[in-house]
Amino acid sequence: MTNPDEAAAGRPVLLRGGTVLTMDDAHTILADADVLVTGDRIAAVGPRLEAPDGALEIDASGGIVMPGMIDTHRHMWQTAMRGYGADWTLTQYFVWNYLQWGKSFRPQDIYAGNLLSAIEAIDAGVTTTVDWSHNLQSIDHAEAAADALTEVPGRFVLAYGNIAQAPWEWSTTPEFRDFVARRFPGGGTDMLGFQLAFDVPPASPDFPEKAAFEVARELDVPVTTHAGVWKVTTDEGIRLMHEHGFMNERSVYVHAATLSADSYHRIAATGGSASLSTESEQSAGQGYPPTWKLREHGISVSLSMDTSVWWSADLFSAMRATLSADRAREHLEAHAREETVTHHKLRAEQVVDWATRGGARALGLDSVTGSIEPGKKADIVLIKNDASPVMFPLLNPYGHVVFQAQRGDVHTVIVNGRVVKYDHRLVGTDLARARHVVGETVDYLKGELGTQAWDEGMQPEIPEIRVLENPYTYTYTQD
Ligand SMILES: [Zn+2]
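Residues 594 to 1072 in our numbering are what the sequence shown spells out, letter by letter.
In structure tokens:
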């Protein structure tokens, strides 16, 4: 098959002869194996499967077949500002989005960011993404966010939030309840799920957020919350949530970086999971990515990209950064004790699990997606790039995924049995339209801000750096 449009025909799909990382409970790896997809499900996995009539056969030889990756926290609306905040700290992110310009975003701007973000995710092999949508200032904004997620053939979860109001305000309005009843009856589907997204900063011992947690409980939907963010959300929020009985196995704690052992114990005891955005934690300053603490406490981990004002939807990058951050810390602390780390604790295999099964578990979708096993919905990525000198030799598949592969190597992506990318090209997705609507949003925002604010927002001041005196550098003065 050379024409990618043929892939959209709804035929059975047979991926032939790849190295299959099943990510089943035993983490079985199959060499030179096939994966058969019929309808929306994985029908069979094994050597030399028979092709059903009309099957679309994809040559996976030399490639890696793995489950679609899962991003459990991404502020998708901000993709309209792609790369704008590359030099921001978290403080500058808050000032620009929360205090200055976030309120300028209209429903069509939320739509534009979400549309591009959703397309970008499936292009990168991220078949499920949680849209941590915290700028839904009106129901029209929420409709726009959900519309974009519905139009792109990926699996999504709308995590509804609104930074313009307190969570106990927006979550208790009749309009909000009506929106949920209309768009997410029964709490949504496995193609478009629903969460409540809000934070619990240490502002009031009265715990006004209680009302929003009660709404989530009544709707029977999970809460996702930025927890353990340096000087923003603290142990106090975790304690209040726990003492009021709102922590459960569906709760997602984003970053979870600066918490005490007591808070980690509360998270572990109630079965919730942490969503690590390692690159965000490293660059913005929420706290050091807490992989070692989460391991010590037996807390489940998933990975996330946070926002494309800094990074794209690239979970290869997240896996790489997460593994490196864990090892960097281990070496640095050992060196401070005059010791040498001779064996790494965290392995490439584990972060591939976090990027796939970890996300599925966090979202209650473990019976649906996250591994390549017969009966599960077919969310599959083929990493294969015959033009790349980095695709061979393929000796250590987990290591290859984490430290060698990159999003440009994503050859084929299947979501819910549908081929959405084939031979490095998106199938059935209107990228030109996304480019057009995002262009309109950028033009509008530039006009709202004006040239000076636009430029200043992108280029924060640089603190003065003093170069140390160097004893090996001599300055001779002549009398
Ligand atoms: Zn976030």
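Where a beta carbon is used, it is the ideal one built from N, C-alpha and C, also for glycine.
From the DSSP output, which residues share a beta bridge with residue i?
i, result
"G781", "G786"
"H937", "DSSP lists no partner for H937."
"G611", "A626"
"L751", "D724, F787"
"R634", "T631, K970"
"V606", "V630, L649"
"T817", "A790, V845"
"T1005", "L975"
"M659", "V974"
"T826", "V822"
"V719", "M662"
"G706", "In DSSP, G706 forms no bridge with anything."
"G639", "D627"
Between residue i and residue j, how many whole angstroms is the CB-CB distance? I'm expecting something under 8 Å.
i, j, result
"T935", "T884", "Going by Cβ atoms, the distance from T935 to T884 rounds to 19 Å, so no, they are not a contact pair."
"V1060", "G718", "V1060 to G718, Cβ: 44 Å. No contact."
"L975", "T1005", "4 Å"
"A955", "S917", "With 8 Å as the limit, A955 and S917 do not qualify as a contact, their Cβ atoms being about 22 Å apart."
"M840", "G880", "That belief does not hold up - the Cβ atoms of M840 and G880 are roughly 20 Å apart, past 8 Å."
"A636", "P1056", "Rounded, the Cβ-Cβ distance is 58 Å, inconsistent with contact."
"I965", "V638", "6 Å"
"V1008", "P605", "Incorrect: roughly 16 Å between the Cβ atoms, too far for contact."
"L785", "A1027", "With a Cβ gap of about 18 Å, L785 and A1027 do not count as contacting."
"V1012", "V1020", "6 Å"
"T665", "G952", "5 Å"
"L642", "L683", "49 Å between Cβ atoms; not a contact."
"R770", "D724", "Rounded, the Cβ-Cβ distance is 20 Å, inconsistent with contact."
I need the straight-line Cα distance from residue i to residue j, nearest angstrom please.
i, j, result
"T1044", "A861", "48 Å"
"M662", "V995", "12 Å"
"T595", "R634", "Per-residue confidence for T595 stands at a pLDDT of 47, beneath the threshold of 50, marking its modelled position as unreliable; no derived number is given."
"H1091", "L614", "Since the first residue shown for the chain is 594 and the last is 1072, residue 1091 is missing from the structure and cannot be characterised."
"P801", "N690", "23 Å"
"R1088", "T765", "Because the chain here runs from 594 to 1072, residue 1088 falls outside it and cannot be looked at."
"P990", "M659", "10 Å"
"S731", "R699", "9 Å"
"A757", "E650", "50 Å"
"Y857", "L887", "7 Å"
"K977", "P767", "49 Å"
"M898", "D919", "17 Å"
"M834", "V847", "15 Å"
"D799", "R748", "37 Å"
"L692", "L812", "30 Å"
"G957", "S844", "10 Å"
"T631", "L751", "28 Å"
"A877", "E1054", "15 Å"
"Y677", "V814", "33 Å"
"P794", "G838", "17 Å"
"A980", "G656", "12 Å"
"L789", "V902", "22 Å"
"L1042", "W694", "8 Å"
"H1017", "G1001", "8 Å"
"A849", "A653", "38 Å"
"Q685", "Q1052", "10 Å"
"A998", "D716", "14 Å"
With a threshold of 7 Å, establish whether the CB of residue i neighbours any heavy atom of ligand 1.
i, result
"W725", "yes"
"A1029", "Note that residue 1029 is His in the sequence shown, not Ala. Because no heavy atom of ligand 1 lies under 7 Å away, the Cβ of H1029 does not count as near it: no."
"H936", "no"
"H668", "yes"
"V847", "yes"
"D899", "yes"
"H837", "no"
"H620", "no"
"H1004", "no"
"H819", "yes"
Chain D beta carbons: is any one of them nearer than 8 Å to that of residue i?
i, result
"A849", "The structure shown contains no chain D; it holds only a single protein chain."
Would you say the beta carbon of residue i comes nearer than 7 Å to a heavy atom of ligand 3?
i, result
"T682", "Looking for ligand 3 in the displayed structure turns up nothing; the ligands present are ligand 1."
> Can you give, in chain order, each stretch of the alpha helix (DSSP H) that sits fully within the segment 667-701 and has at least 4 residues?
Replying inline: You should have 683-687.
>> List, from N- to C-terminal side, the alpha helix (DSSP H) runs of 4 residues or more that fit wholly inside the segment 1007-1060.
In response: Unbroken alpha helix (DSSP H) runs of no fewer than 4 residues, entirely contained in the segment 1007-1060, are found at 1024-1051, following chain order.
> Hey, which unbroken runs of the alpha helix (DSSP H) at 4 residues or more fall wholly within the segment 868-932?
Replying inline: Look at the segment 868-932 and you find these whole runs of alpha helix (DSSP H), each 4 residues long or longer: 871-877, 884-890, 908-929.
> Along the chain, which unbroken stretches of the alpha helix (DSSP H) at least 4 residues long are found entirely within the segment 832-872?
Replying inline: Every alpha helix (DSSP H) of 4 residues or more that sits fully in the segment 832-872 is shown, in chain order, as 854-863.
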